[in-house]
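Chains as they are written, first to last, in our numbering: chain A, -16 to 459; chain B, 502 to 703.
Shown next, in structure tokens, is the structure this report addresses.
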Ligand code: SF4
């Protein structure tokens, strides 16, 4: 009898990876089976051209789910899309999914919304799967213990045609979040604090796994916020082990397994968490108890500071390349080095996106807004992440809290997160935004973006300036 | 199919900024295009053309650099959005090699599929190379020999597998590779996978 060596403890990432290996290639890459593919109108037109040019059909149409989100207007949905290019692109998605028999949620459907909100909501996202989407924030789905990663348009075509992709195994980074976040501190603040610590490309080549008591205590929405932002630290993949919170969120979702299959699935999902003693290539610790509400001052998500801190002073930075970058970012943002970031006047507030456009986010913002009004001269938008989020919020009366305070209440979509649909900043305008990227021009050419949490965005809306939400008295 | 890349020798453009994200390389509003024509005009658009349509001073509009096929960039080049348009635009303009300390992961994956070679070199080497590029040096890349030269002198080796050299040399077509050589294995895997996790195939 041969005695097998004891199995080496494996990480969640290793389990997900190993269970999808089709073939190891000679060049060191791995052909990985892809269970699920999410599509939107912007990243797939050229993918379908690649299929059609070769006369290819999707390998398994039911493994795909398409929904328009990036280019679609967030009001006037009863009329045709005004922008001819956005109209053509959305129509192209409809033609493509029609021709190829791909499951589709049209713009008129109550379930329409941002891919990364819709996938989990429908139970299309499940633990243990591989999921690809032509979108960098696909890391969001890792909150369910799924190996989910963003790909380019060519890879979208490959996934549709072959249900597999050649990938290279990432190194692993465990981020242990210890302690309890203080009042007013949310998953968004933890995400920004971590990106500031790691740098915008500091986790490149790594799959992040979040662990620790603070993570276990988070809702699925908060977990998604955290995984969503991992790409802003350069990590293509983020993971949180599935647990009771995950299962409770998924049970009964339209595309989640039912009956005996549900039980079998949960039994399998319980085997996924990293084994005791599994090794990671890097380990990072974040003390949630020491994190304040965060806000970005510059043009990269790594330019994040506590709301009670000051804009950094390039003169105090030794590395000339870094000092130069800071100077440029401060100039673009129209700020002054060394000045407190709190009190910076804003003229636009955007609450929404795949980072913070879920029901829990709208509730958190509404709690601050309730009984207050949007400051004079401020344009404030709430754009729910999906039609279902919008309906739930309306059932709770959140829409009235917002509209009575002077917010605009819109239809679901990406909206001002990427400014492709007409919702955008004008040059020089300054926003407090719950989205994920403060890149130059991201919210419109010349626009200046400060990233923050929904509660902080609400505080900015009612005061007209970047404000520490903890200093606002709770209103009844 | 990407255009073959075997060897080249040209001037190089330097853009030493940190974290040149794909929104800078290819602003989002041009993502509404549903074809791949005219990508080069969108490349670095908001750095090249001012709000009033005025030309800004940008190396991608310097006639002396119009034939450059090499870009020397700063750390974090291509971070951010997954848009493959960033790669298409660079290639469409004429860039075939980007040298940087590190790249956005998704950008690097997209680049390989389009015959754009990403070369990772230490940050101080990249700074030196940027200075050489600004001084008008000619950059040479020879894939079969796996070497990067500046004004004829070797500065670095290229870490490329035989398969990669071949793929760049013949033009890259990943869909065909997978469908021609690996689809049976995919099907076999799929059958086992279905047996293990039937709920994924309901
Ligand atoms: S909300 Fe923003 S980040 Fe999320 S998918 Fe849409 S454009 Fe991308």
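Ideal Cβ placement from N, Cα and C applies to all residues, glycine included.
No experiment lies behind these values; they were computed from the predicted model shown.
Which of helix, strand or coil DSSP assigns to residue i
i: residue 221/A; result: strand
i: residue 510/A; result: There is no way to answer for residue 510/A, as the model of chain A reaches only from -16 to 459.
i: residue 527/B; result: coil
i: residue 356/A; result: coil
i: residue 39/A; result: coil
i: residue 443/A; result: helix
i: residue 319/A; result: coil
i: residue 459/A; result: Bear in mind that a pLDDT of 43 at residue 459/A, under 50, signals an unreliable position, so the model cannot answer this.
i: residue 25/A; result: coil
i: residue 102/A; result: helix
i: residue 449/A; result: coil
i: residue 655/B; result: strand
i: residue 134/A; result: coil
i: residue 113/A; result: strand
i: residue 515/B; result: strand
i: residue 189/A; result: strand
i: residue 502/B; result: coil
i: residue -9/A; result: coil
i: residue 129/A; result: coil
i: residue 565/B; result: helix
i: residue 572/B; result: strand
i: residue 631/B; result: helix
i: residue 545/B; result: coil
i: residue -3/A; result: helix
i: residue 669/B; result: helix
i: residue 153/A; result: coil
i: residue 8/A; result: coil
i: residue 702/B; result: helix
i: residue 107/A; result: coil
Per DSSP, cross-strand counterpart(s) of residue i
i: residue 194/A; result: 159/A
i: residue 643/B; result: 508/B, 648/B
i: residue 16/A; result: 147/A
i: residue 3/A; result: Answer is none; residue 3/A lacks a bridge partner.
i: residue 47/A; result: 20/A
i: residue 288/A; result: 278/A
i: residue 364/A; result: 333/A, 391/A
i: residue 414/A; result: 331/A, 432/A
i: residue 369/A; result: 96/A
i: residue 420/A; result: Paired residue(s): none; residue 420/A is not in a bridge.
i: residue 139/A; result: None, per the DSSP bridge assignment.
i: residue 695/B; result: Beta-bridge pairing links residue 695/B to no other residue.
i: residue 618/B; result: 598/B
i: residue 550/B; result: 556/B
i: residue 604/B; result: 578/B
i: residue 58/A; result: None, per the DSSP bridge assignment.
i: residue 293/A; result: 323/A
i: residue 31/A; result: Paired residues: none, contrary to the question.
i: residue 265/A; result: 156/A
Beta-carbon proximity of residue i to residue j, cut-off 7 Å
i: residue 403/A; j: residue 54/A; result: yes
i: residue 344/A; j: residue 412/A; result: no
i: residue 16/A; j: residue 5/A; result: yes
i: residue 679/B; j: residue 247/A; result: no
i: residue 212/A; j: residue 421/A; result: no
i: residue 669/B; j: residue 644/B; result: yes
i: residue 390/A; j: residue 372/A; result: no
i: residue 369/A; j: residue 25/A; result: no
i: residue 352/A; j: residue 384/A; result: yes
i: residue 164/A; j: residue 292/A; result: no
i: residue 249/A; j: residue 232/A; result: no
i: residue 321/A; j: residue 296/A; result: yes
i: residue 449/A; j: residue 327/A; result: yes
i: residue 581/B; j: residue 519/B; result: no
Residue i CB to nearest heavy atom of the ligand MG below 6 Å
i: residue 400/A; result: Annotation note on the ligand MG: not contained in the displayed structure, which lists the ligand SF4 as its ligands.
Supposed close pair residue i, residue j - CB separation, criterion 8 Å
i: residue 282/A; j: residue 315/A; result: 6 Å
i: residue 630/B; j: residue 596/B; result: Rounded, the Cβ-Cβ distance is 15 Å, inconsistent with contact.
i: residue 436/A; j: residue 339/A; result: 7 Å
i: residue 531/B; j: residue 545/B; result: Wrong, their Cβ atoms sit about 11 Å apart, outside the cutoff.
Closer than 8 Å between beta carbons: that is the criterion. Which residues of the segment 421 to 435 of chain A meet it against chain C?
Absence of chain C from the displayed structure is noted, the protein chains being A and B.
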